[in-house]
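My numbering puts the first residue of the sequence shown at 1, with every later residue one more than the last.
Just below is one structure, and these are the notes that go with it.
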Amino acid sequence: MRKELLFGVLVVLMAMLSFNFPMTAIAQQDTTFTEAKTAAEYDAEDDVNTSVWLAAAGILGVVGNLPLGAVAVGGAYVYQPVPPAERLLGKSAEYVTIYTDAYKAKSRNLRWIAAGKGALGGSAVFCMLGMLKIKPWTDWVFW
């Protein structure tokens, strides 16, 4: 009777341990993913100069209305900076992949939003100048 009880306890203990180890590995992997993504998003917010993208798209929007503003928005969407290598030294390959993807996605999103705001604002200024019959661009715009 005692041997059967001991055997039953050991079977239950082994079953619990075998189910617990894979969950621990998954939790650790999820922590790496979250850590890399969070670090990449903070770094992208620090690195992207949204004022430049806003001003560039705004100037292009004033000069050429919506078509040139759209060029700035497209440029902000297409351009993909590479994160600095010193931030990734000593990290695992999985961390580097997650960090790079999250960095590119967040920086693209920040640039795209800033360029979109600038293009819309510049186009609004272009239209307001046209409605007020103020056309400083007629001397050098050829269309």
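Virtual Cβ for every residue (Gly too), placed ideally from N, Cα, C.
Limits of the unbroken alpha helix (DSSP H) element including Lys106
As a working note, residue 106 is residue 106 in the sequence shown. That run of the alpha helix (DSSP H) goes 93–131.
With distance defined between alpha-carbon atoms, name the residue in Thr50, Leu54, Gly64 nearest to Gly118.
One-based indexing of the sequence shown puts residue 118 at position 118. For the residues Thr50, Leu54, Gly64, the minimum Cα distance to Gly118 belongs to Leu54.
Candidates Val9, Thr100, Asp46: closest to Glu35 by CA position
For this step, residue 35 is matched to residue 35 along the sequence shown. Measuring C-alpha to C-alpha distances from Glu35 to each of Val9, Thr100, Asp46 identifies Thr100 as the nearest.
Counted within 10 angstroms of its Cβ, other Cβ atoms place Gly58 as buried (16 or more) or exposed
The count along the sequence shown starts at 1 and reaches residue 58 at position 58. Looking at its Cβ environment, which holds 16 or more other Cβ atoms inside 10 Å, Gly58 is buried.
Less than 7 Å separating the beta-carbons of Gly116 and Val73?
Counting from 1 along the sequence shown, the entry for residue 116 is found at position 116. Counting from 1 along the sequence shown, the entry for residue 73 is found at position 73. Yes, they are a contact pair.
Given this structure, state the Cα-to-Cα distance separating Ser123 from Met131, to the nearest angstrom.
If you number the sequence shown from 1, residue 123 lands on position 123. If you number the sequence shown from 1, residue 131 lands on position 131. The straight-line gap from Cα to Cα measures roughly 12 Å.
Thinking C-alpha only, which one of Asn49, Val12, Tyr42 is nearest Trp112?
Start at 1 with the first residue of the sequence shown, and residue 112 comes out as number 112. Nearest option by C-alpha distance: Asn49.
Can Ala40 and Tyr95 be called in contact, C-beta distance under 7 Å?
As a first step, residue 40 is located in the sequence shown; it is residue number 40 there, counting from the start. As a first step, residue 95 is located in the sequence shown; it is residue number 95 there, counting from the start. It is not a contact, given that the beta carbons lie outside the stated cut-off.
Between Ala44, Gly61, Met14, which has its C-alpha nearest Leu129's C-alpha?
Here residue 129 is taken as the residue at index 129 of the sequence shown, counted from 1. The candidate whose alpha carbon is nearest that of Leu129 is Gly61.
Taking the Cβ atom as the reference point for each residue, do Ala44 and Ser107 lie within a distance shorter than 7 Å?
Taking the first residue of the sequence shown as 1, we reach residue 44 at position 44. Taking the first residue of the sequence shown as 1, we reach residue 107 at position 107. Ala44 places its beta carbon less than 7 Å from that of Ser107.
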